[in-house]
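Single-structure report; data block below.
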Amino acid sequence: MDERASVLWNFGDGGFSQQESPSHIYENAGTYDITVSVRAPGDGTIRTRSVENMIVVRPKPAAEMSWEFEESNASRVNVHLIDETMGASSSTWIMGQEDISSSVALKIPGEYYVNLVASNAFGCQDVAVEKIQLGDRKEAIAPAMFSPDGDGRYDTFMPLIVLDLQDDWTLTVWDGMEVVFETNDVRGPWDGSLQDGGRAVSGKSYIWKLETTSTAGDRCLFVDNVLIDGE
């Protein structure tokens with residue numbers, strides 16, 4: 004093409020270019036016509052050529068995930084991963100370099116990055132990545148024991164990290180069989196009272212978990228044991 008000529012590309016999606024050999028990124032799925040117009044030097048004659056349906060952009064799935072914390076103990080927590088992707092024909096969960104199932108047991112403490120790779124019938128893929136943060140009593144600044152005997156010393160239990168939390172949180176205590184205490188109020192620490200009206204058993208360990216969100220927006224779960232000191 005004569006270097007003095009001018010060119011205009013119409014990509015069919017509202018995008019244009021005056022470069023001789025342009026590149027273009029289509030943001031939306033669809034079928035697009037391509038038109039090129041060349042203005043000759045001198046008399047300014049314009050020649051135009053269009054190719055209908057030249058570009059076909061297939062839709063891709065939008066990978067989206069969530070998860071639920073399930074059964075826990077002081078050393079690990081079971082996490083149920085939920086695929087909320089629309090328009091996918093298959094999905095794969097990946098952690099590290101390994102494929103995992105939608106139910107996975109994670110050790111405490113630790114930070115885990117979960118990848119959801121979603122594919123559709125056209126072979127198009129999208130990836131969602133989320134971080135699951137798990138901590139124990141050290142990270143939550145929680146005591147290993149307390150003595151709810153009313154003597155005014157260590158009578159209540161509450162992880163001190165809640166004093167610095169900006170988002171909502173929930174503290175749950177259970178005896179291995181059922182929930183015995185729950186609060187989301189920093190002014191309402193556990194004083195050993197049980198939901199059935201009883202009292203925490205001296206010498207027994209109870210499992211507690213604190214669920215919240217980090218300043219980075221990641222869901223966090225702190226889990227550990229607390230011992231009822233009877234001395």
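Remember, my numbering sits 3 above the position in the sequence shown when you count from 1.
Just so you know, even glycine gets a beta-carbon here, dropped at the ideal spot from N, CA and C.
Spatial neighbours of residue i in its chain, beta-carbon cut-off 6 Å, leaving aside the 5 residues before and after
i, result
"Ile58", "Tyr35"
"Ile97", "Asn118"
"Leu163", "Ile144"
"Ser106", "His83"
"Trp12", "Ser20, Pro25 and Val39"
"Glu214", "Thr173 and Leu224"
"Tyr157", "Phe149 and Ser150"
"Trp211", "Val176 and Val229"
Straight-line gap, residue i to residue j (C-alpha atoms, nearest Å)
i, j, result
"Met68", "Leu84", "7 Å"
"Asn228", "Ala66", "36 Å"
"Asn76", "Lys63", "39 Å"
"Val176", "Gly33", "53 Å"
"Asn56", "Ile37", "8 Å"
"Asn31", "Phe125", "15 Å"
"Tyr115", "Ala203", "34 Å"
"Gly155", "Pro146", "16 Å"
"Gln198", "Gly220", "32 Å"
Cβ-based neighbour list, residue i, same chain, cut-off 8 Å, excluding 5 preceding and 5 following
i, result
"Ile49", "Ser40, Val41, Arg42 and Ala43"
"Lys141", "Pro112"
"Ser78", "Lys110 and Ile111"
"Asp139", "Ala77, Ile111, Pro112, Phe225, Val226 and Asp227"
Per DSSP, cross-strand counterpart(s) of residue i
i, result
"Asn123", "DSSP, once it has assigned bridges, lists no residue as partnering Asn123."
"Thr88", "Beta-bridge pairing links Thr88 to no other residue."
"Asn76", "Asn76 pairs with nothing; no bridge assigned."
"Tyr116", "Lys134"
Any C-beta of chain C under 8 Å from that of residue i
i, result
"Ile49", "Among the chains of the structure shown, chain C does not appear; only one protein chain is present."
Other residues of its chain near residue i: CB distance less than 7 Å, five sequence neighbours each side excluded
i, result
"Pro192", "Thr159, Phe160 and Met161"
"Phe18", "Going by the sequence as given, residue 18 is Gly instead of Phe. Result list for Gly18: His27, in chain order."
"Asp178", "Tyr209"
"Arg61", "Ala32, Phe125 and Cys127"
"Arg7", "Pro44"
"Thr216", "Asp170, Arg222 and Cys223"
Three-way DSSP call (helix, strand, coil) for residue i in this model
i, result
"Arg52", "strand"
"Lys141", "helix"
"Ala168", "The question names Ala, yet the displayed sequence has Leu at residue 168. The answer is coil: DSSP assigns Leu168 none of H, G, I, E or B."
"Leu197", "coil"
Do the region 121-132 and the region 84-100 meet, that is, are 3 or more Cβ pairs less than 8 Å apart?
They touch, by the three-pair rule.
Okay, do the region 100-115 and the region 175-193 touch, 3+ Cβ pairs below 8 Å being the bar?
For the pair of segments examined, the region 100-115 was found not to touch the region 175-193: the number of CB pairs separated by less than 8 Å stays below three.
If you pair each beta-carbon of the region 169-177 with each one of the region 141-150, do three or more pairs fall below 8 Å?
Taking 8 Å as the limit for Cβ pairs, the verdict is that the region 141-150 does not touch the region 169-177.
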